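Here is the structure we will look at, set down as structure tokens.
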Amino acid sequence: MQVSSNQFKQAASVKLADPNVQKALRNAKGKLVVARSRSILELDNFEEIRDAAARIRDFGLLHMDVLLEEWEKKAVAAGTIVHWAETPQQVNDMVIEIARKHEVRKIIKSKSMLGEETNLNHALETAGLDVRETDLGEYIIQQFGETPSHIIAPAVHKSKDDIADLFALKHGRPRLDDIAALTHEAREILRPHFLDADMGISGANFLVAETGSTMIVTNEGNGRMTTTMPRVHVAITGVEKIVPTLEDISLLLRLLTRSATGQSISNYLSFTTGPKRPGDKDGPGEFHVIIVDAGRTTVLASEIREALRCIRCGACMNHCPVYQNIGGHAYGWVYPGPIGSILTPAYVGIEKAIDLPNASTLCNQCGVVCPVKIPLPDLMRKLREQQVQKNLRPWPERLGLRLWAWTATRPAVYGFLTGIAARLGKWLGGRERLLHRLPAAGSEWTASRDFPAPSGKTFRELYAKHRNKGTR
Ligand code: SF4
Numbered sequence: 016m017q018v019s020s021n022q023f024k025q026a027a028s029v030k031l032a033d034p035n036v037q038k039a040l041r042n043a044k045g046k047l048v049v050a051r052s053r054s055i056l057e058l059d060n061f062e063e064i065r066d067a068a069a070r071i072r073d074f075g076l077l078h079m080d081v082l083l084e085e086w087e088k089k090a091v092a093a094g095t096i097v098h099w100a101e102t103p104q105q106v107n108d109m110v111i112e113i114a115r116k117h118e119v120r121k122i123i124k125s126k127s128m129l130g131e132e133t134n135l136n137h138a139l140e141t142a143g144l145d146v147r148e149t150d151l152g153e154y155i156i157q158q159f160g161e162t163p164s165h166i167i168a169p170a171v172h173k174s175k176d177d178i179a180d181l182f183a184l185k186h187g188r189p190r191l192d193d194i195a196a197l198t199h200e201a202r203e204i205l206r207p208h209f210l211d212a213d214m215g216i217s218g219a220n221f222l223v224a225e226t227g228s229t230m231i232v233t234n235e236g237n238g239r240m241t242t243t244m245p246r247v248h249v250a251i252t253g254v255e256k257i258v259p260t261l262e263d264i265s266l267l268l269r270l271l272t273r274s275a276t277g278q279s280i281s282n283y284l285s286f287t288t289g290p291k292r293p294g295d296k297d298g299p300g301e302f303h304v305i306i307v308d309a310g311r312t313t314v315l316a317s318e319i320r321e322a323l324r325c326i327r328c329g330a331c332m333n334h335c336p337v338y339q340n341i342g343g344h345a346y347g348w349v350y351p352g353p354i355g356s357i358l359t360p361a362y363v364g365i366e367k368a369i370d371l372p373n374a375s376t377l378c379n380q381c382g383v384v385c386p387v388k389i390p391l392p393d394l395m396r397k398l399r400e401q402q403v404q405k406n407l408r409p410w411p412e413r414l415g416l417r418l419w420a421w422t423a424t425r426p427a428v429y430g431f432l433t434g435i436a437a438r439l440g441k442w443l444g445g446r447e448r449l450l451h452r453l454p455a456a457g458s459e460w461t462a463s464r465d466f467p468a469p470s471g472k473t474f475r476e477l478y479a480k481h482r483n484k485g486t487r
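Quick note on this note's numbering: the sequence shown kicks off at 16 and runs consecutively.
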């Protein structure tokens, strides 16, 4: 997927002004939040489970080399063909090579965020292959010619009417406006593709070291059909998805589905351990797994390594007031919301995603809900520090902060200047007590809302006044 994260501010303004996107986000806002908060009440010891989940993920990351070797040994023993890819390009090349070797014409895909990272669909189509997304949200997005705007709800920015119009146009059938009927229609359209596809491609939520299995969590059954019906299957996943045991998986699942959709458990949990064996009713004749680095080991060696604990539940974005108002596309790459504000600069380069670590008020809603306790605001702060150290922030901002630092360390000058600003601000605010336009960087704030005018006194003046009155 092309990176356009450096257009974050412009893209966010466009999304804020788009009534269709705003309507779809308003409808979605809160639904997943409420579902999550209800479902975690089912767990008496939710915080203890979060602690344990964070420990499991940290253990996997700390012992990644040993666990991946153990996983590979078991997987190969079960007949899996294992590949290792360092770069996104290598992933695409490997998939195309496997497809050519098996004379594949049609591919069905289950959702894979790593496939989005490598721009896999584009590479496959350029190689002359017919690729069909089968997750309903991904199918919708593919028909629109867009990219996902959420990691578990790719079409969350689309309204029911958008989809009804799309299906009528693309399917050449009468327009339906009932969600169940639209879903049924998509299923009818997709079913023949499941039957005649030569290859299936999926991601993997986890790799289980003790069994050599890949594992996917889905709600629609398309993942199970994608992994079992075509004669060749390719699973693509990152090195960080390794988990030691099935018991660890069972604990992580208690949090993953509740944090993602508010479900106690998802409809399908599919484990794949090697290809179809003699006597098996279904399964691929050949099963490939591509284990991908693509920047992950660099993150592992960095001060933001906790980001690799992520189990892709989407809770941080569902709860983020920034994401709730602009949706996912404004973030300009695969991962939106708070985790995207960390992973995007980490994977594509901090200079290509300058605004993302700053696309947050650091309110810590994301940190509170993250099931594996990733300290998301702390990691964004670390990335901000890196930007400053590398002189990547715009010069007016750097100059402003230098001036601020100079005055803030000289109390008399600071008091004098803030006193003038407080009085001037009060005067400019007039009777409304609102500033409609601020100079310099403040103009971005007042571009879409007013700024409350100061009272005419500085905080220090007010503090001194109340302290003298004994009311502090
Ligand atoms: S960072 Fe945490 S909350 Fe966000 S998607 Fe990952 S696991 Fe879920």
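Each residue gets a CB set at the ideal place from its N, CA and C atoms; glycine is no exception.
Source: prediction; values computed, not measured.
Unbroken beta strand (DSSP E) run spanning A250, endpoints: V247 to G253
Neighbourhood of L273 by C-beta, 8 Å cutoff - its chain only, sequence neighbours within 5 removed: Here the sequence assigns Arg to residue 273, which means Leu is not the residue at that position. Only R51, S54, I55, E57, L58, S279 and P386 meet the Cβ criterion.
Anticipated Cβ contact below 8 Å, A345 with F23, distance rounded: 6 Å
Run of the alpha helix (DSSP H) containing T422, from where it starts to where it stops: W410 to A423
Candidates L76, T424, G457 and P426: closest to G440 by CA position: G457
C-alpha distance - I96 paired with R246, whole-angstrom precision: 14 Å
T330: CB within 6 Å of a non-hydrogen atom of the ligand SF4: It should be pointed out that residue 330 corresponds to Ala in this sequence rather than to Thr. Yes - the ligand SF4 has a heavy atom lying nearer than 6 Å to the Cβ of A330.
Element boundaries [beta strand (DSSP E), containing E301]: E301 to V307
Euclidean distance between Cα positions of S19 and I369: 11 Å
Separation of P351 from Y338, as counted between CA atoms: 8 Å
Inter-residue spacing [alpha-carbon to alpha-carbon] between L449 and P469: 9 Å
Where R487 sits in the DSSP three-state scheme: In this prediction, R487 scores a pLDDT of 49, lower than 50, which makes its location untrustworthy; the coordinate-derived value is nonetheless stated afterwards. Coil.
Nearest candidate by alpha-carbon position, reference K46, set I257, A224, E153 and H334: H334
Through-space distance from K121 to E112, alpha-carbon basis: 14 Å
Exposed unless 16 or more other CB atoms sit within 10 angstroms - verdict on L271: buried
Contact the region 279 to 288 vs the region 230 to 249: 3+ CB pairs below 8 Å: yes
Proximity test, I167 beta-carbon vs the ligand SF4 heavy atom, cut-off 6 Å: no
Contact test: C335 Cβ vs the ligand SF4 heavy atom, cutoff 6 Å: no
Residue(s) in a DSSP beta bridge with P467: L449
Spatial distance of T312 from E84 (CA atoms): 15 Å
Exposure of E148, with buried meaning 16 or more beta-carbon neighbours within 10 Å: buried
Distance cut-off 6 Å: G389 Cβ against heavy atoms of the ligand SF4: Going by the sequence as given, residue 389 is Ile instead of Gly. The answer is yes for I389.
Assigned secondary structure, H344 (DSSP; H/G/I helix, E/B strand, else coil): helix
Spatially closest choice to G310 from R327, D263 and I365, by CA coordinates: I365
Cβ neighbours of M16 in the same chain (closer than 7 Å, five flanking residues each side left out): E131, E132, N134, T162, W348 and V349
Near the ligand SF4: I122 beta-carbon under 6 Å from a heavy atom: no
Rounded straight-line distance, which links the Cα of I123 to that of D192: 27 Å
Cα-Cα separation between K472 and G434, rounded to whole angstroms: 7 Å
The ligand SF4 heavy atom lying under 6 Å from the CB of C385: yes
Residue nearest to I319 in terms of C-alpha spacing, selected from Q401, T226 and R452: Q401
CB contact flag (G238, L129, <7 Å): no
Whole runs of the alpha helix (DSSP H) within the region 157 to 201, excluding any shorter than 4 residues: 175 to 186
For Y362, the first and last residue of its enclosing alpha helix (DSSP H): G352 to V363
Three-state class that DSSP yields for S228 in the structure shown: strand
Test item: CB-CB of F474 and L453 under 7 Å: no
CA nearest to the CA of N107, picked from A316, R188, V304 and R70: V304
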